[in-house]
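Residue numbers (UniProt numbering), protein chains in the order written: chain A, 1 to 213; chain B, 1 to 213.
Right under this line is the structure:
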């Protein structure tokens, strides 16, 4: 399977898109489209900044410049930097969709929901937390948020021994699914396979962990 | 499980270390430590640059500045920018260790080898390819390299239908394992669990894909 043509393929845009519309953006939390010009640009710029820079280095001024708006507009709409972080880095809407299924069906539900969320969001709802590991600085807030909103929440749903351990491994499988779908687009086998078939293959390993390992 | 103390914990250093010593560095390819002062610094700086910037934006001058050496020293030791890229972004040593096992044992071997490689390298041998998805630019060379050296190679080893599809999903599980181990360090359950137990839990899902799904 050739990858030589990737530089001119939609894969480039896909890699970018995974940073833009994410859980917490319109399709997930019901945020309305409309007259709030600049709001989406602010959210995108803020999400990108909080993913790729240490929290302490993120400035409202920098986000404003990237979004093409004034810093005062951001403060007016979102409040403090902390409030803005809490708005744009929020895994809870995705976690709610992912984890709402009976435990005996959860493996398959997770795979199908992850693929559906990625389609709707034009990006991965969780993968940004892995991007945040790639730079030599602390990204502690982003990681702590993931642990609280994804791993801890899943651990609380699982029954049986080692629930926390199994939740961490399930979180890994979800991150890995998103990673491989993004890496192998657009001409990869996963990108060209129906969601139901991907679930047939990938869900049993997740369900094994959900059931108790 | 508290994450509040993470900013002063080794997790911070871990997030950084995942970018530094990697497959292709000393512990894997037999590169010798010794009188070549600056060589490791150049490799680290180059690996970081090629992971976090588009290939076209990486300059020998920038790598030299980050490594604290002269650009001419890099050219003397590594040759052209392309040659340097080929030296520092090389998943083959890790892939060789990961994929050298009989197929019926491959799932468990992959988990144990991944954990062992991460320990020896003080970082993950594959995860950088996911970091490369996090920035809005093409990272086509890095991704193409991963697909050739990891996914294609594994696909060639698997037997049965949909080998390429299953290889992509196994690659995802490996990336997910590394991601969750890094994200949940140092106080996470995975970080505090023996490798054999992690293999008991995580390997069956991989082996399911190796066996044919």
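No residue lacks a Cβ here, since even glycine has one placed at the ideal position from N, Cα and C.
Q. Where does residue 178/B sit, in a helix, a strand or coil, going by DSSP?
A. Your numbering for residue 178/B matches position 178 in the second chain. The DSSP-derived three-state label of residue 178/B is helix.
Q | Stretch-stretch touch, CB-based, cutoff 8 angstroms, three pairs: the region 192-200 of chain A with the region 106-126 of chain A | A | Judged by Cβ distances under 8 angstroms, the region 192-200 of chain A makes contact with the region 106-126 of chain A, as three or more pairs qualify.
Q: Can you have a look at residue 93/B and say buried or exposed, based on whether 16 or more other CB atoms are within 10 angstroms of its CB?
A: Locating residue 93/B in the second chain gives position 93, counting from the first residue. By the neighbour-count rule (16 or more Cβ atoms within 10 Å), residue 93/B is buried.
(Q) Using the three-state DSSP reduction, which class does residue 88/A fall into: helix, strand or coil? (A) Counting from 1 along the first chain, the entry for residue 88/A is found at position 88. In this structure, DSSP gives residue 88/A a helical state, which the three-state scheme calls helix.
Q | Assumed close pair residue 46/B, residue 84/B - CB separation to whole angstroms, cut-off 8 angstroms | A | Here residue 46/B refers to the residue found at position 46 when the second chain is read from its first residue. Here residue 84/B refers to the residue found at position 84 when the second chain is read from its first residue. Sure, about 5 angstroms apart at Cβ, within 8 angstroms.
Q: Compare the C-beta of residue 58/B against all C-beta atoms of chain A and say whether one is closer than 7 angstroms.
A: Taking the first residue of the second chain as 1, we reach residue 58/B at position 58. Contacts with chain A at 7 angstroms (Cβ-Cβ) do not include residue 58/B.
(Q) Taking CB distances under 7 angstroms as the criterion, tell me whether residue 72/B reaches chain A. (A) Along the second chain, read from residue 1 onward, the residue named residue 72/B stands at position 72. False, the Cβ-Cβ gap to chain A never drops below 7 angstroms.
**Q.** Among 88/A, 208/A, 145/A, 190/A, the one whose alpha carbon lies nearest that of residue 160/A
**A.** Numbered from 1 along the first chain, position 160 holds the residue referred to as residue 160/A. Residue 208/A holds the alpha-carbon nearest to the alpha-carbon of residue 160/A among 88/A, 208/A, 145/A, 190/A.
Q. In terms of alpha-carbon separation, which member of 126/A, 176/A, 163/A lies closest to residue 149/A?
A. Residue numbering aside, residue 149/A sits at position 149 when the first chain is read from its first letter. Of the listed residues, the one whose Cα sits closest to residue 149/A is 126/A.
Q) If you compare alpha carbons, which of 178/A, 86/A, 147/A is closest to residue 167/A? A) Numbered from 1 along the first chain, position 167 holds the residue referred to as residue 167/A. The shortest Cα separation from residue 167/A among 178/A, 86/A, 147/A belongs to 147/A.
Q. Around the Cβ of residue 173/B, are there at least 16 other Cβ atoms within 10 angstroms (buried) or fewer (exposed)?
A. The residue given as residue 173/B occupies position 173 in the second chain. It counts as buried.
Q: Take residue 180/B and list the residues in its own chain whose beta-carbon comes closer than 7 angstroms to its own, dropping the five residues that flank it on each side.
A: Reading the second chain from its first residue, position 180 is the one you call residue 180/B. Excluding its 5 nearest sequence neighbours in each direction, residue 180/B has C-beta neighbours in its own chain below 7 angstroms: 190, listed in chain order.
Q. Taking Cβ-Cβ distances shorter than 7 angstroms, what residues in chain B pair up with residue 169/A?
A. Walking along the first chain from the start, residue 169/A turns up at place 169. Chain B residues near residue 169/A: 180, 190, 201, 202.
Q. Start and end of the alpha helix (DSSP H) containing residue 51/A?
A. Counting from one through the first chain, the residue named residue 51/A turns up at place 51. From DSSP, the alpha helix (DSSP H) with residue 51/A extends over 39-52.
Q: From the DSSP output, in three-state form, read off residue 73/B for me.
A: Translated into the one-based positions of the second chain, residue 73/B becomes position 73. Of the three classes helix, strand and coil, the one that applies to residue 73/B here is helix, per DSSP.
Q. DSSP state of residue 127/B, grouped into three classes?
A. As a working note, residue 127/B is residue 127 in the second chain. Assignment of residue 127/B by DSSP, reduced to helix, strand and coil, places it in the coil class.
Q. What three-state label does DSSP hand residue 185/B in the structure shown?
A. Sequence index remark: in the second chain, residue 185/B carries index 185 (1-based). In the three-state scheme derived from DSSP, where H, G and I count as helix and E and B as strand, residue 185/B is classed as coil.
(Q) I'd like to check one pair, residue 164/B with residue 155/B: are the Cβ atoms closer than 7 angstroms? (A) For the purposes of this step, residue 155/B is taken as the residue at position 155 of the second chain. For the purposes of this step, residue 164/B is taken as the residue at position 164 of the second chain. Yes, the Cβ-Cβ distance between residue 155/B and residue 164/B is below 7 angstroms.
Q. Based on Cα-Cα distance, which residue from 175/B, 113/B, 152/B, 162/B lies nearest to residue 133/B?
A. As a first step, residue 133/B must be located in the second chain, where it is residue number 133. For residue 133/B, the nearest C-alpha among the options comes from 175/B.
Q: Could you have a look at residue 109/A and say whether DSSP puts it in helix, strand or coil?
A: Numbered from its first residue, the first chain carries residue 109/A at position 109. It is helical.
**Q.** residue 154/B, enclosing alpha helix (DSSP H) - first and last residue
**A.** Counted from its first residue, the second chain places residue 154/B at position 154. From DSSP, the alpha helix (DSSP H) with residue 154/B extends over 153-157.
Q: Specify, as a first and last residue, the run of the alpha helix (DSSP H) that residue 202/A falls within.
A: The residue labelled residue 202/A in the question sits at position 202 within the first chain. Counting along the chain, the alpha helix (DSSP H) containing residue 202/A begins and ends at 195-211.
Q.
Only counting the same chain, and skipping five residues up and downstream in sequence, which positions put a Cβ closer than 6 angstroms to that of residue 49/A?
A. The sequence position of residue 49/A within the first chain is 49, counting from 1. If you ignore the 5 residues before and after residue 49/A, its C-beta comes within less than 6 angstroms of the C-beta of 58, 63, all in its own chain and listed in chain order.
Q: Please decide whether residue 211/B counts as near chain A, where near means a Cβ-Cβ distance under 7 angstroms.
A: Numbered from 1 along the second chain, position 211 holds the residue referred to as residue 211/B. In terms of beta-carbon proximity, residue 211/B stays away from the interface with chain A, with every pair separated by 7 angstroms or more.
Q | C-beta neighbour in chain A for residue 208/B, strict 7 angstroms | A | Residue 208/B sits at position 208 when you count from the first residue of the second chain. Yes, its Cβ sits closer than 7 angstroms to a Cβ of chain A.
Q: Flag residue 172/A as yes if its beta-carbon sits less than 7 angstroms from any beta-carbon of chain B, otherwise no.
A: Working through the first chain from its first residue, we reach residue 172/A at position 172. Judged by the 7 angstroms Cβ criterion, residue 172/A is in contact with chain B.
Q) If we cut at 7 angstroms on Cβ distances, does residue 164/B have a partner in chain A? A) Position 164 of the second chain, counted from the start, is the residue given in the question as residue 164/B. Judged by the 7 angstroms Cβ criterion, residue 164/B is in contact with chain A.
(Q) For the alpha helix (DSSP H) containing residue 141/B, name the first residue and the last one. (A) By one-based count along the second chain, residue 141/B stands at place 141. Element bounds for residue 141/B: 140-146.
**Q.** Min CB distance residue 107/A to chain D below 7 angstroms
**A.** Checking the listed chains, one finds no chain D in this structure; the protein chains it contains are A and B.
Q. Less than 7 angstroms separating the beta-carbons of residue 153/A and residue 95/A?
A. Walking along the first chain from the start, residue 153/A turns up at place 153. Walking along the first chain from the start, residue 95/A turns up at place 95. Yes, Cβ-Cβ distance for residue 153/A and residue 95/A is below 7 angstroms.
Q) The alpha helix (DSSP H) spanning residue 62/B covers which residue range? A) On the second chain, residue 62/B is found 62 positions in, with the first residue counted as 1. Segment 60-67, the alpha helix (DSSP H) holding residue 62/B.
Q. With distances taken between CB atoms, is the gap from residue 128/A to residue 51/A smaller than 7 angstroms?
A. Position 128 of the first chain holds residue 128/A. Position 51 of the first chain holds residue 51/A. Yes, the Cβ-Cβ distance between residue 128/A and residue 51/A is below 7 angstroms.
Q | Inter-residue CB distance, residue 157/B and residue 55/B (contact presumed, cutoff 8 angstroms) | A | Numbered from 1 along the second chain, position 157 holds the residue referred to as residue 157/B. Numbered from 1 along the second chain, position 55 holds the residue referred to as residue 55/B. The pair is not a contact, with the Cβ atoms about 29 angstroms apart (cut-off 8 angstroms).
(Q) Can you pull the chain A neighbours of residue 77/B, defined as C-beta to C-beta under 8 angstroms? (A) To locate residue 77/B, count along the second chain from 1; it is residue 77. Within 8 angstroms Cβ-Cβ: nothing; residue 77/B doesn't reach chain A, min ~23 angstroms.
Q) Cβ atoms of residue 41/A and residue 67/A: under 7 angstroms apart, would you say? A) Position 67 of the first chain holds residue 67/A. Position 41 of the first chain holds residue 41/A. Yes. Within cutoff.
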